[in-house]
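Undergrad: First to last, the protein sequences are chains A and B. With the working numbering applied, the first sequence covers 33 to 329. With the working numbering applied, the second sequence covers 33 to 329. Beta carbons: idealized from backbone N, C-alpha and C, even for Gly. Structure in structure tokens, see below.
There are 2 protein chains.
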Amino acid sequence: MQSMKNNISKFTSASKIQLDEVNRILRAATVEPLDENTVLRAALDHHLLQNGSQSRAQLTLSAAKALGLSHNNQIHLAAAVECLHNASLVQDDLQDEDTQRRGQEAVWSRFGSNVAINLTDLMIATSFVLLAQMDNQSCLPALLTCMQRAIAVTLQGQSRDLCDKGATRAIKTSLAVAESKSGPLFALCLELPLITADKFSSLSTAQQAGNFFGAGYQVLDDIHDAENDQATENSANVVVVFSEVLSAKDAYCEAQTVARHYLARAQQLAESLPDNCAALLVQYCSMLTQQLEESEQ
Amino acid sequence: MQSMKNNISKFTSASKIQLDEVNRILRAATVEPLDENTVLRAALDHHLLQNGSQSRAQLTLSAAKALGLSHNNQIHLAAAVECLHNASLVQDDLQDEDTQRRGQEAVWSRFGSNVAINLTDLMIATSFVLLAQMDNQSCLPALLTCMQRAIAVTLQGQSRDLCDKGATRAIKTSLAVAESKSGPLFALCLELPLITADKFSSLSTAQQAGNFFGAGYQVLDDIHDAENDQATENSANVVVVFSEVLSAKDAYCEAQTVARHYLARAQQLAESLPDNCAALLVQYCSMLTQQLEESEQ
């Protein structure tokens, strides 16, 4: 998936200065209550050494800007989403036992499982506090509720995925897991700015757009990892699930069709959102669809 | 520590009806975004089957009532604190590898580590959402910031404790860990109602009272567990640390002196808080001090 992530990060609508500001306030809010020279601070700084694609921060900044939100609100919404995403990465690596993240040692591998668990907790809590630092407070309850919902649905997908690991999985279940695993956090990049701009009627469209994009992104990831996952019989991979009833070649084709469908739906919904606020998501959809077509040739 | 916890729960200032209401809205807010029949929901319901002492919910209800907060605010503040406490229990059991909680199987032991980790995340997020459901919203940013700080300091103490396990520990470090492990969440029971009542000038006293009470509570716990912890050379236990430089009997005496000191300080500070809002904490201090005296005879 590295190539896709690298490609995504090229669509930099946000300036490097803005992304640096997002990282700065994310870190500041996380370490604010901590003592110097503690293991939790060291683990955070280790994890933040490499930025990753920051695609979620960029989606959020882009939507918030299009909707006319203040600079302070743009930055804080992006930092909240990015902080939550980082929490999910630290936890995913632990739960999937991946020892590498962004070209360096994963937090759990370097500092132990307990520190990874604790850092995740802290970053989740900090995501909420970053919302509390916004200019206008009237929408704060709706923002918090939206964020908790996204966290809950992601954790539900994650729990289902981890508990079923190794078990034979129905295609329907497999796609439901793909939808809920990264969709809700992508949706959040649009939902939080829309709530702040008082555009509640667009929320369900934004949520669906994010879920479909997340599912497309996940299935593409599965296509990329299919060879490895076939070898380890990882039934969390959609291609592996398809190949139980189809030939290897047909399983790939079917997964590609599904991914294309998800991305097309996401793009269509994203285009319908107000003030062209999901323009960057539309670009991501095009780019991934193009990558899919190239892989089919 | 069972006897102390049982004793604490006897000081029921809150009615059973109120505590039931706290539990009901805590559960409702947690499961609201989840589908039926999911493992995360099953794990939550399993954990909530037994209530525990609910001493934190009681402290919060009692403080909120004394400060004249609305019924809705009393209940939601107590639910937020109790939800966070439950998150910490699920995580503590996993990290300490304790297989039993409240007379039944611990979540991680029954549903696996990953579900325990995910449930903790969800309950932390829900604690913030419960604050968002309060009547007046003007104090919401301050409430969120206060809660994140308490979480951060607790995690910092927990990380220090888990990373140092087995290592020889200085008495000073050992007491610092005791202070930060449960103190911040006890302090929260007073801080959140004080913030809602707009009594910001009392916050630092409330924080210190909570920290000292938490430390006293922790050292008493250590005295209770000393025999087991001596056998396993668990240097997280203050008595074990003292016994490295003192005779076994003197180590006990020293730990008792320290516990008495902490509880006296907590009581003194709690008594100075406005509207007698920490009256229940004062009662807890007296009760634990009395228990200490009985154990000395």
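I want to verify the contact list: residues of chain B whose CB lies under 9 angstroms from the CB of A:Arg192, in sequence order.
TA: Reading the first sequence from its first residue, position 160 is the one you call residue 192 of chain A. Chain B residues near A:Arg192: Thr70, Val71 and Leu72.
Undergrad: Against chain C, with Cβ distances strictly below 8 angstroms, would A:Asn168 count as a contact?
TA: Given the protein chain composition of this structure (A and B), no chain C is represented.
Undergrad: How is the alpha helix (DSSP H) around B:Gly248 delimited, first residue to last?
TA: Here residue 248 of chain B refers to the residue found at position 216 when the second sequence is read from its first residue. Here the alpha helix (DSSP H) through B:Gly248 covers Leu235 to Ala263.
Undergrad: Under the three-state reduction of DSSP, which class applies to B:Arg133: helix, strand or coil?
TA: Here residue 133 of chain B refers to the residue found at position 101 when the second sequence is read from its first residue. In the structure shown, B:Arg133 sits in a strand (DSSP, three-state: E or B).
Undergrad: Assign A:Thr158 to buried or exposed, taking buried as 16 or more other Cβ atoms, counted over all protein chains shown, within 10 Å of its Cβ.
TA: For the purposes of this step, residue 158 of chain A is taken as the residue at position 126 of the first sequence. When all chains shown are included, A:Thr158 counts as buried.
Undergrad: For A:Val147, does the count of other Cβ atoms within 10 angstroms reach 16, so buried, or fall short, so exposed?
TA: Taking the first residue of the first sequence as 1, we reach residue 147 of chain A at position 115. It counts as buried.
Undergrad: State the Cα-Cα distance for the pair B:Asn243 and A:Asp67, rounded to the nearest angstrom.
TA: Here the question's residue 243 of chain B lines up with position 211 in the second sequence. Here the question's residue 67 of chain A lines up with position 35 in the first sequence. Approximately 16 angstroms between the Cα atoms of the pair.
Undergrad: For A:Asn105, count neighbouring C-beta atoms within 10 Å of its own C-beta (all shown protein chains included) and say buried if the count is 16 or more, exposed if not.
TA: If you number the first sequence from 1, residue 105 of chain A lands on position 73. It is buried - the Cβ of A:Asn105 has at least 16 other Cβ atoms within 10 Å.
Undergrad: By the DSSP assignment, the alpha helix (DSSP H) with A:Met166 in it spans what residues?
TA: Taking the first sequence and counting its residues from 1, one reaches residue 166 of chain A at position 134. Taken as a continuous stretch (DSSP letters only), A:Met166 belongs to no alpha helix (DSSP H), as it is neither H nor E.
Undergrad: Taking only three categories from DSSP, how would you classify B:Gln400?
TA: Coverage of chain B is limited to positions 33 through 329, which leaves residue 400 of chain B absent and any answer about it impossible.
Undergrad: For A:Asp261, collect the residues of the same chain with a Cβ closer than 8 angstroms to its Cβ; drop the 5 residues on either side in sequence, then sort them by chain order.
TA: Position 229 of the first sequence holds residue 261 of chain A. Hits under 8 angstroms: Asp254, Ala268, Asn269, Val271 and Val272.
Undergrad: Is the shortest distance between the beta-carbon of A:Gln239 and the beta-carbons of chain B less than 8 angstroms?
TA: Taking the first sequence and counting its residues from 1, one reaches residue 239 of chain A at position 207. No, its Cβ sits nowhere closer than 8 angstroms to a Cβ of chain B.
Undergrad: So, using beta-carbon positions, are A:Val290 and A:Leu154 closer together than 8 angstroms?
TA: Counting from 1 along the first sequence, the entry for residue 290 of chain A is found at position 258. Counting from 1 along the first sequence, the entry for residue 154 of chain A is found at position 122. Going by C-beta atoms, A:Val290 is not nearer than 8 angstroms to A:Leu154.
Undergrad: Pairing CB atoms from the segment 160 to 173 of chain A with CB atoms from the segment 78 to 97 of chain A, are three or more of them under 8 angstroms?
TA: Flag = no, the segment 160 to 173 of chain A and the segment 78 to 97 of chain A do not touch.
Undergrad: Could you tell me which chain A residues have their CB closer than 7 angstroms to the CB of B:Thr158, listed as they occur along the chain?
TA: By 1-based counting over the second sequence, the position of residue 158 of chain B is 126. Per Cβ cutoff of 7 angstroms: Gln180.
Undergrad: Comparing C-alpha positions only, which one of A:Leu295, A:Leu235, A:Ile227 and A:Cys285 sits nearest to A:Gln250?
TA: Residue 250 of chain A sits at position 218 when you count from the first residue of the first sequence. Out of A:Leu295, A:Leu235, A:Ile227 and A:Cys285, A:Leu295 has the C-alpha closest to the C-alpha of A:Gln250.
Undergrad: Just tell me which of A:Gln322, A:Arg59 and A:Glu114 has its CA closest to the CA of A:Ser85.
TA: In the first sequence, the residue the question calls residue 85 of chain A occupies position 53. The shortest C-alpha separation from A:Ser85 is found at A:Glu114.
Undergrad: Does A:Ala184 get closer than 8 angstroms to chain B when you measure Cβ to Cβ?
TA: Within the first sequence, residue 184 of chain A is the residue found at index 152, counting from 1. Yes, its Cβ sits closer than 8 angstroms to a Cβ of chain B.
Undergrad: Is any non-hydrogen atom of the ligand SAH found closer than 7 angstroms to the C-beta of B:Asp261, if you look at the structure I gave you?
TA: As presented, the structure is devoid of all ligands, the ligand SAH included, so that no description of it is given.
Undergrad: So, helix, strand or coil for B:Gly215, using DSSP?
TA: Residue mapping note: residue 215 of chain B aligns to position 183 of the second sequence, counting from 1. The answer is helix: DSSP assigns B:Gly215 an H, G or I state.
Undergrad: Rounded to whole angstroms, what is the Cα-Cα separation between B:Gln127 and A:His79?
TA: Counted from its first residue, the second sequence places residue 127 of chain B at position 95. Counted from its first residue, the first sequence places residue 79 of chain A at position 47. Those two C-alpha atoms are separated by around 21 angstroms.
Undergrad: Under the assumption that A:Asn83 contacts B:Gln190 (Cβ atoms under 8 angstroms), give the Cβ distance between them as a whole number of angstroms.
TA: Numbered from its first residue, the first sequence carries residue 83 of chain A at position 51. Numbered from its first residue, the second sequence carries residue 190 of chain B at position 158. Going by Cβ atoms, the distance from A:Asn83 to B:Gln190 rounds to 28 angstroms, so no, they are not a contact pair.
Undergrad: Indicate the three-state DSSP secondary structure (helix, strand or coil) for B:Leu68 in the structure shown.
TA: Looking up residue 68 of chain B in the second sequence gives position 36. Note on residue identity: the sequence assigns Glu, not Leu, to residue 68 of chain B. DSSP places B:Glu68 in coil when its eight states are reduced to three.
Undergrad: Determine the chain B residues that contact A:Pro173 at a beta-carbon separation under 8 angstroms, and present them in chain order.
TA: Position 141 of the first sequence, counting from 1, holds the residue named residue 173 of chain A. Within chain B, the residues near A:Pro173 are Ala164, Gln165, Gln169 and Leu172.
Undergrad: Going by alpha carbons, who is nearest to B:Tyr284 out of B:Thr264, B:Ser304, B:Asp257 and B:Ala302?
TA: Here residue 284 of chain B refers to the residue found at position 252 when the second sequence is read from its first residue. Ranking B:Thr264, B:Ser304, B:Asp257 and B:Ala302 by Cα distance to B:Tyr284 puts B:Asp257 first.
Undergrad: So, using beta-carbon positions, are B:Phe245 and B:Leu324 closer together than 8 angstroms?
TA: The count along the second sequence starts at 1 and reaches residue 245 of chain B at position 213. The count along the second sequence starts at 1 and reaches residue 324 of chain B at position 292. No, Cβ-Cβ distance for B:Phe245 and B:Leu324 is not below 8 angstroms.
Undergrad: What's the C-alpha gap between B:Asp125 and B:Thr131?
TA: Here residue 125 of chain B refers to the residue found at position 93 when the second sequence is read from its first residue. Here residue 131 of chain B refers to the residue found at position 99 when the second sequence is read from its first residue. Cα to Cα, B:Asp125 sits roughly 7 angstroms from B:Thr131.
Undergrad: Are the CB atoms of A:Val54 and A:Ala89 nearer to each other than 8 angstroms?
TA: Translated into the one-based positions of the first sequence, residue 54 of chain A becomes position 22. Translated into the one-based positions of the first sequence, residue 89 of chain A becomes position 57. Yes; because the gap between Cβ atoms is below 8 angstroms, this pair is in contact.
Undergrad: Would you mind giving the Cβ-Cβ distance between A:Leu109 and A:Thr228, rounded to the nearest angstrom? I have them listed as a contact below 8 angstroms.
TA: Translated into the one-based positions of the first sequence, residue 109 of chain A becomes position 77. Translated into the one-based positions of the first sequence, residue 228 of chain A becomes position 196. Confirmed, Cβ separation roughly 7 angstroms.
Undergrad: Cα separation between A:Ala280 and B:Arg133?
TA: Counting from 1 along the first sequence, the entry for residue 280 of chain A is found at position 248. Counting from 1 along the second sequence, the entry for residue 133 of chain B is found at position 101. C-alpha separation (whole angstroms): 48 angstroms.
Undergrad: Residue range of the alpha helix (DSSP H) that B:Ser275 falls in?
TA: By 1-based counting over the second sequence, the position of residue 275 of chain B is 243. Where B:Ser275 is concerned, there is no enclosing alpha helix (DSSP H), given that its DSSP letter is neither H nor E.
Undergrad: Check distances from the C-beta atoms of the segment 306 to 321 of chain B to those of chain A and list, in chain order, the residues that come in under 9 angstroms.
TA: Hits within the stretch: zero.
Undergrad: Taking only three categories from DSSP, how would you classify B:Gly189?
TA: Against the second sequence, residue 189 of chain B aligns to sequence position 157. In the structure shown, B:Gly189 sits in a helix (DSSP, three-state: H, G or I).
Undergrad: With a cut-off of 8 angstroms on the beta carbons, I'd call A:Ser234 and A:Leu305 a contact; round off their distance for me.
TA: In the first sequence, the residue the question calls residue 234 of chain A occupies position 202. In the first sequence, the residue the question calls residue 305 of chain A occupies position 273. That belief holds up - the Cβ atoms of A:Ser234 and A:Leu305 are roughly 6 angstroms apart, short of 8 angstroms.
Undergrad: Beta-carbon within less than 6 angstroms of B:Ser35's beta-carbon, same chain only, minus the 5 sequence neighbours each way: which residues are those?
TA: For this step, residue 35 of chain B is matched to residue 3 along the second sequence. Note that B:Ser35 scores a pLDDT of 49, beneath 50, so its modelled location is shaky; the value from the coordinates is reported in the next line. No residues qualify anywhere along the chain.
Undergrad: In chain A, what lies closer than 8 angstroms to B:Gly144 by C-beta?
TA: Along the second sequence, one-based indexing puts residue 144 of chain B at 112. Result: Leu194 and Cys195.
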